[in-house]
Amino acid sequence: MLDSFNQTQFLHSVITIGSLLIFAIGLVGVLIKKNLFKIFLSFAIIESSLFIYFIGMHFEVEKVAPMLTDKVTKFSTNMTDPVPQAMILTTIVIGIAVLALALSFIINYFKLTNNMRVDDMNELGDEK
Amino acid sequence: MNLKKEIRVSTLFISLIVSIMTILLLPIFLDFNLASNSLGDSLLNINEIETNSANGVTSVVTYFRGFDTLGEVTILFLSIFGIGLGLDGYRDKLNIFAYENRLLKSSVDILFPLIILFGFYIIIHGHLSPGGGFQGGVIIASAFLLMFLAKGDEFSLNHKIISITEALSGAGFILIGILGVLLVDRFLGNFLPLGTIKELFSGGVIPLIYIFVGIKVSAEITALVEYFIRIKDVR
Amino acid sequence: MSLLYFVILPLLASFLTPFFRNYLRYISLAVNLMLLALSFSFLGSLPIRESISFDSPLSIAFVLDSASLFFIVLFLSIMTLFSIYAIRDKSRKDIFILTNMLLASVSGLVLSGDIFNIYIFFEIASISAYILTSLQKDKEAYSGAIRYMIMGAVASIFLLIGIMTIYLNLGTLNLVTIGEKFSTIDNQIKSLTLISLFIGFGIKAEIFPLNFWVVDIYQASTNRVNALFSSVLSKAYIFLFFHIAYILGVNIKILSFLAILGIISFGVSEISALSSKNLKRVFAYSTLGQIGVLFIALSSSSIVATTGAIFLIALHAITKLMLFLSLDILEDRFSSVNIDIFKKFNSLFLISIFAIGFLSLLGVPPFGGFIAKLTILEGLITKSEYILVGAILVISLIEAVYLFKLLGMSREAGEKSSLDIPILKRGVLSIMALSIIYLGIFPELFLQICKSVALALVGVDNV
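Protein chains in written order, with numbering that gives the first Met the number 0: chain R, 0 to 127; chain F, 0 to 234; chain L, 0 to 462.
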């Protein structure tokens, strides 16, 4: 009975609904939360949902990983697409680099002003 | 004990709008039709002739789209540089994350070289099995994290060696590219012999590129770990 | 001679920094001059297409046509002038690592012909900008840097959504192939992709609804960094926005929507500049206004107006560099950027530099800004856009109000102190002022160059 779930269309629907839900959760986090660190973590959640969507949509049920092993001896079109995997590798690293840089700025800002809330950041703006 | 949590009106309003937008977007995404012949399939067809590497993803990351990997390495370098500019008082701060645990302290001396050896194995065999420079580099950095957690203030890094390692491996990556321009007339072109598939010495420039990337990533993430661990004055 | 040297040599200079920390300024200047010479050597053989790693339509391609060459020469010249200005300042050696990265990423943005590669260079430029904003290490700088990172993260997420939908539907990442196949996507997905790319590129190109954060960033960073943001970064992102727009084949409705956004942007920025008392913010509002004019001109589908826009891009880059570097001299002397420091200084040289800059921004003859605005208005008239022409003239009057007010404040009587400007900085500022005057009096050759750039940008079959 479970074999009827092992079809490409069903898997694609599950991945679409799941990643849209995670995107929505991250988006609500960005818009609502006031703590600076939680805002950047919500951005990381949004990016994770995009990665899951992109890799998941390229998967089809009979395909194998694009590398040669003892059972797979030549490259053929029966393998999943390696380009999205390479793109997502790169994007994950970019995501951590930006998150680490943001965290260091937040630490330095907190040391100078003792403030971690985004609506109390009022140093910039026109003086009257 | 009062366990009620206050929920602001704006929170409910924004959640409602986001849920409505998600439900409206769902039908668009549910009937997607994907492209039939994409870039990846064509690259897999020429993979055997061009690179002789057994791992399709590695040959895409380092060779077919090697320029993106150069950009990614640059982004990591810039980010660590930016963190170092701000958090540069680390030399006289204390490490507060050390654990006083007998098992950890006695096992870390055996585990540290083994984890580094495992990391190098993953870096070097990137073109034969899943793995590669980024993955192995992070494993090596996790070995250093273990040492920080176990040894506390007795363990500290020599940042001069780390910055020289970073500089040399980054320059090494670019030099392989420039050698490609000079010898084969294409940036990052393949100028080493291709060897036979599934051997360690195969794949042309691919293992070399991944070794440079692996050393650079491990040096950078280790420096990142130390910058963030020594921040005692924050509290 | 490979096209990649424009990207690789500044990158190599930044990577090898631990070996020559004290000489980095001189090495950066040498790299800029070498690359300028290299770019002039490509003049006769355009267009050039160079592929990376292997020779096939499947590889990443770097394309040099007249538009890319123009922008590369512009960015290299601005970086050279900036390096000469800052070369004697021993307290800020670290800025050169970041300016080299900025130069490498901006050259890559302009040259690359592959959309994921453009995303990578976009991220390198963004991270350099974040670190440049926070260089002062005080609380305004970190506050500005955090805000910039939040907006930058939003832009990068939308850009990723756009790139992912393009690859899922078309299966290719090469810009030329995307341009050919883009119309085969069905309409709902196409509008989703266009909206995501518009928000992603538009946040960085600073067009109307998405530019509420820009002025705070200019207030948070130092004046030299503002000079680089205003003359190099914003121009690169505007070029990228329209390059992608013309490749994806936008139709007339979208172009008129962009023109409306441009005129609203121009109006709102100039009106906000009237009430501001902080000189950095005034100049930032002026930059946003000129970006609005550029959007109107570049989306008007008239070659004359696009030629004027390219002329304005070059001229505005030189003008803003000159104005922000002069403001840097004033801030060093008075430690404040409030609007009344204009009453306090007594240097004829600096007043004439400010006057040349302001008059060129307004579009008064015989300065270069006059030719630029005249060409743009000519082009709009040939397309019968009389409302836009009238609106630009009215809003320029508002611009004149605050610029003349500033010039008037410097002629007021009162206690004034003299300024001591070193010869090197005087030289750099004079070169920029003289080139603005030269382009105003003898514009013909430069207009010819701008016309070929405009034809290359729009794509000759779209004319």
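From the three backbone atoms N, C-alpha and C, an ideal C-beta is built for every residue, glycine too.
Taking residue i as the reference, which of the options has the closest Cα?
i, options, result
"M86 (chain R)", "F:F96, F:I114, F:D108 and F:T57", "F:T57"
"S78 (chain F)", "L:D327, L:S416, L:G307 and L:A124", "L:A124"
"G83 (chain F)", "L:K136, L:E49, L:D113 and L:L322", "L:K136"
"L101 (chain L)", "L:L373, L:G248 and L:L131", "L:L131"
"H11 (chain R)", "R:Y108, R:F58 and R:V29", "R:F58"
"S155 (chain L)", "L:Y129, L:G199 and L:I194", "L:G199"
"V97 (chain R)", "L:I83, L:G107, L:I126 and L:Y147", "L:I126"
"L239 (chain L)", "L:A66, L:T176, L:M0 and L:I340", "L:A66"
"K180 (chain L)", "L:T171, L:Q187 and L:I188", "L:T171"
"A43 (chain R)", "L:M148, L:I375, L:I253 and L:I77", "L:M148"
"G81 (chain F)", "R:L40, R:N113 and R:F104", "R:F104"
"P208 (chain L)", "L:L287, L:V249 and L:A226", "L:L287"
"G125 (chain F)", "F:K197, F:I220 and F:I6", "F:K197"
Cβ closer than 8 Å: which chain R residues qualify as neighbours of residue i?
i, result
"D215 (chain L)", "L123 and G124"
"D67 (chain F)", "A85, M86 and T89"
Considering only DSSP beta bridges, list what residue i is partnered with.
i, result
"F61 (chain L)", "L:E49 and L:S111"
"F341 (chain L)", "Answer is none; F341 (chain L) lacks a bridge partner."
"R116 (chain R)", "R:N34"
"S416 (chain L)", "L:F344"
"N173 (chain L)", "L:D113"
"M66 (chain R)", "F:N54"
"N277 (chain L)", "L:N337"
"M78 (chain R)", "R:V63"
Measure the alpha-carbon distance for residue i versus residue j and round it to whole angstroms.
i, j, result
"A103 (chain L)", "G130 (chain F)", "30 Å"
"L42 (chain F)", "F74 (chain R)", "10 Å"
"V400 (chain L)", "K92 (chain F)", "54 Å"
"N32 (chain F)", "T61 (chain F)", "30 Å"
"Y385 (chain L)", "D118 (chain R)", "43 Å"
"A60 (chain L)", "Y236 (chain L)", "20 Å"
"K138 (chain L)", "T221 (chain L)", "13 Å"
"L247 (chain L)", "F197 (chain L)", "12 Å"
"F4 (chain R)", "V17 (chain F)", "30 Å"
"Q8 (chain R)", "L113 (chain F)", "44 Å"
"S106 (chain F)", "F133 (chain F)", "26 Å"
"I430 (chain L)", "L80 (chain L)", "9 Å"
"K203 (chain L)", "L32 (chain L)", "28 Å"
"S190 (chain L)", "M20 (chain F)", "16 Å"
"T73 (chain F)", "V204 (chain F)", "19 Å"
"T50 (chain F)", "V336 (chain L)", "59 Å"
"T318 (chain L)", "V63 (chain R)", "58 Å"
"F14 (chain L)", "E61 (chain R)", "45 Å"
"I370 (chain L)", "I435 (chain L)", "11 Å"
"I54 (chain R)", "V92 (chain R)", "16 Å"
"I109 (chain F)", "T72 (chain R)", "39 Å"
"G28 (chain R)", "I86 (chain L)", "45 Å"
"A53 (chain F)", "L127 (chain F)", "5 Å"
"H315 (chain L)", "L326 (chain L)", "16 Å"
"A36 (chain L)", "Y4 (chain L)", "12 Å"
"A453 (chain L)", "D113 (chain L)", "21 Å"
"V233 (chain F)", "L102 (chain R)", "Because the pLDDT of V233 (chain F) is 48, which lies under 50, any placement of that residue in the model is unreliable, and the question is left without a value."
Just the chain R side, please: which residues come within less than 7 Å of residue i by C-beta, in chain order?
i, result
"S142 (chain L)", "Y108, M120, E122 and L123"
Using a cut-off of 8 Å between C-beta atoms, extract the partners of residue i located in chain F.
i, result
"L67 (chain R)", "A53, N54, I196 and K197"
"F74 (chain R)", "L43, N44, N46, E47 and G55"
Taking Cβ-Cβ distances shorter than 9 Å, what residues in chain R pair up with residue i?
i, result
"P129 (chain F)", "A64 and M66"
"E49 (chain L)", "The premise fails here: E49 (chain L) is roughly 21 Å from chain R at the closest Cβ pair, so nothing lies under 9 Å."
For residue i, go through chain L and note every residue whose CB falls closer than 7 Å to its CB, in chain order.
i, result
"L19 (chain R)", "Chain L residues near L19 (chain R): none, gap ~12 Å exceeds 7 Å."
Along chain L, in chain order, which residues have C-beta atoms closer than 8 Å to that of residue i?
i, result
"L111 (chain R)", "D137, K138 and Y141"
Subject >> Contact set between the region 206-228 of chain F and chain R, restricted to residues whose Cβ is under 7 Å from the partner >> reply: For the region 206-228 of chain F, which is checked against every Cβ of chain R, the residues closer than 7 Å are L223.
**OP:** Quick one: which residues of the region 90-105 of chain R get their C-beta closer than 8 Å to a C-beta of chain L? List them in chain order.
**Re:** Listed in sequence order: T90, I93, A96, V97, L100, A101, F104 and I105.
**OP:** Determine which residues of the region 48-60 of chain F have a Cβ less than 8 Å from any Cβ of chain L, and write them out in chain order.
**Re:** The region 48-60 of chain F vs chain L, Cβ under 8 Å: E49.
Original post:
If contact means a Cβ-Cβ distance below 9 Å, which residues of the region 27-56 of chain R contact chain F?
Top reply: Look at the region 27-56 of chain R: the residues with a C-beta under 9 Å from a C-beta of chain F are V27, L30, I31, Y52 and M56.
Original post:
Which residues, in chain order, does the region 143-160 of chain L contribute to contact with chain R at a C-beta distance below 7 Å?
Top reply: Hits within the stretch, in order: G143, A144, I145, M148, I149, A152, I156, L159 and I160.
**OP:** Identify each residue in the region 160-183 of chain L for which the Cβ-Cβ distance to at least one residue of chain F is less than 7 Å, and report them in chain order.
**Re:** So the close ones are L167, N168, L169, G170, T171 and L172.
Original post:
Using a beta-carbon distance cut-off of less than 9 Å, what residues from the region 86-120 of chain L approach chain R?
Top reply: Cβ proximity to chain R below 9 Å picks out F115, Y118 and I119 from the region 86-120 of chain L.
Original post:
What residues in the region 190-207 of chain L have a beta carbon less than 9 Å from any beta carbon of chain F?
Top reply: Near chain F, meaning a CB-to-CB distance below 9 Å, the residues of the region 190-207 of chain L are L191.
**OP:** Closer than 8 Å, Cβ to Cβ, to anything on chain R: give me those residues from the region 81-96 of chain F, in chain order.
**Re:** Contact residues of the region 81-96 of chain F toward chain R are G81, I82, G85 and L86 (C-beta to C-beta distance below 8 Å).
Original post:
Taking a cut of 9 Å between CB atoms, which residues from the region 214-236 of chain L lie near chain F?
Top reply: Within the region 214-236 of chain L, no residue qualifies.
Subject >> Contact list for the region 411-438 of chain L against chain F, Cβ threshold 7 Å >> reply: Residues: none.
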